[in-house]
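Be aware that the sequence shown starts at 1, since it is given in our numbering, and climbs by one per residue.
To keep things clear, I will list the structure first and then write my remarks on it.
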Amino acid sequence: MFILSGVLYVIYMKKKVNLGKHTKKKEDKEESREGYIKQKGSVEQGKNPLSFVNDKLIIRLITLIVGIITLIGVIIGVIVGGLAIWNYLNPPSIEVIDWTPILIYNEKEVLNVFNNVSETIFEEGIGFVVHVQTESRPVNLKCLEITGEMLLTPNEYLFFASDDVVGRVIDEIGEEWKEKEPYTSVKWTAWSIDDEELKGPSYKHIRFILMEPMIYGQREIGYEMPVYDYVGFLDGSKEAAMISGYSNVDFVFRDGIKTGKIELFLRVGIKQVQLPYSKMKPIKSYSKEEWESESFEKHFLKGDIRVK
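Encoded structure:
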């Protein structure tokens with residue numbers, strides 16, 4: 001449509017130039033016999049004296065056509081933009097069939113500086129595969145949001161509360177851990193590595209990456225000081241002053257998702273769709289190469305299925 005408008009515009013400009021030439025000629029002509037002869041001569045050479053009028057009509061017609069095409073383009077743009085906004089504010093319903101945590105590993109050769117020998121270490125990361133069903137309208141899945149409270153193990157509590165537990169006996173600290181149930185608040189985002197927009201209706205497995213493989217699956221960046229600000233207690237005696245924005249691998253092996261203290265949501269437009277624990281499948285592991293492969297879905301769908 002825009003190409004057609006461009007072509008018509010070029011024709012319009014040519015005609016406009018020709019019209020300008022005709023106008024200039026008309027002004028320069030003398031009302032004399034010599035001018036009449038020249039005009040007659042031009043007719044004899046094949047130039048139609050009515051071409052001046054025809055050019056004006058053609059220019060008006062082209063202007064009208066360009067205006068109509070432009071108006072149609074504006075209307076189409078408004079409709080497309082309006083539908084996009086409508087889909088964002090009122091996204092179509094989407095059903096989560098099941099979802100699977102994925103342990104992503106990567107073998108890496110490193111040099112041991114103590115004995116100058118090359119060693120193989122494993123880096124670990126975490127991702128998710130969400131199996132969804134969509135309706136007829138396109139749906140945009142940008143990310144997977146993970147929020148909640150992750151309960152701390154005794155060793156983790158000793159780390160986070162290191163300044164607070166100095167000089168106290170281990171039994172006292174253990175009792176405090178049992179009674180107060182220390183936790184850290186988490187707010188993580190896993191981003192889609194597949195097409196964000198799904199054309200419905202369809203069944204689709206969507207990959208989300210939460211954490212790229214890191215050595216021993218540890219958090220990719222350290223904690224801000226004081227680390228005790230990350231600690232809260234479920235008994236209400238202390239709230240966490242800091243929210244952890246960086247994940248580690250082992251949270252998927254804990255009971256937080258099962259007990260509902262950690263929740264996972266698909267972000268669909270401005271709405272959230274929960275991933276219930278009842279639809280969580282056993283953890284699978286893949287190499288980084290397999291995970292990033294375009295044929296990953298074929299690997300993922302292979303294997304035995306437990307039905308009871």
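Built from N, CA and C at the ideal position, the CB exists for glycine as well.
For residue i, three-class secondary structure by DSSP
i    : result
T259 : helix
I206 : strand
S278 : helix
P154 : helix
L234 : coil
K142 : strand
R267 : strand
I193 : coil
G67  : helix
E135 : coil
E95  : strand
E124 : strand
E292 : helix
Minimum C-alpha distance to residue i - residue among the options
i    : options                : result
L103 : N155, I270, F114, N248 : N248
S202 : I94, T63, T70, I75     : I94
I283 : F300, V169, W188       : F300
H205 : I62, E297, N112        : E297
G236 : K187, D250, Y183       : Y183
K108 : E124, N115, I270, V96  : E124
F160 : L198, S185, T147       : S185
A190 : S162, L234, V130, Y230 : V130
Separation of residue j from residue i, as counted between CA atoms
i    : j    : result
I315 : V78  : Since the first residue shown for the chain is 1 and the last is 308, residue 315 is missing from the structure and cannot be characterised.
P138 : K279 : 24 Å
E224 : Y246 : 12 Å
I257 : E263 : 6 Å
D98  : V132 : 7 Å
G73  : G67  : 10 Å
P101 : G127 : 6 Å
E294 : E239 : 44 Å
V252 : E119 : 28 Å
K178 : P226 : 23 Å
K288 : N106 : 6 Å
E175 : S244 : 25 Å
K180 : F265 : 28 Å
I209 : T259 : 23 Å
T134 : N140 : 10 Å
R60  : T70  : 15 Å
V110 : M214 : 13 Å
K40  : I76  : Legend: pLDDT at K40 = 48, less than 50; position of this residue unreliable, no value from coordinates given.
S162 : Y228 : 8 Å
Bridge-paired residues (DSSP) for residue i
i    : result
V119 : The identity of residue 119 in the sequence shown is Glu, whereas the question assumes Val. Its beta-bridge partners are V110.
K284 : I102
G315 : One cannot answer for residue 315 here, as it falls past the ends of the chain, which runs 1 to 308.
S244 : V186
Minimum Cβ-Cβ distance from residue i to chain B less than 9 Å
i    : result
V129 : Of the chains in the structure shown, none is chain B; there is only one protein chain.
Exercise for the section: Only counting runs of 4 or more residues, tell me where the alpha helix (DSSP H) segments fall wholly within the segment 160-189, in order along the chain. Expected result: Here the runs fully enclosed are 170-180.
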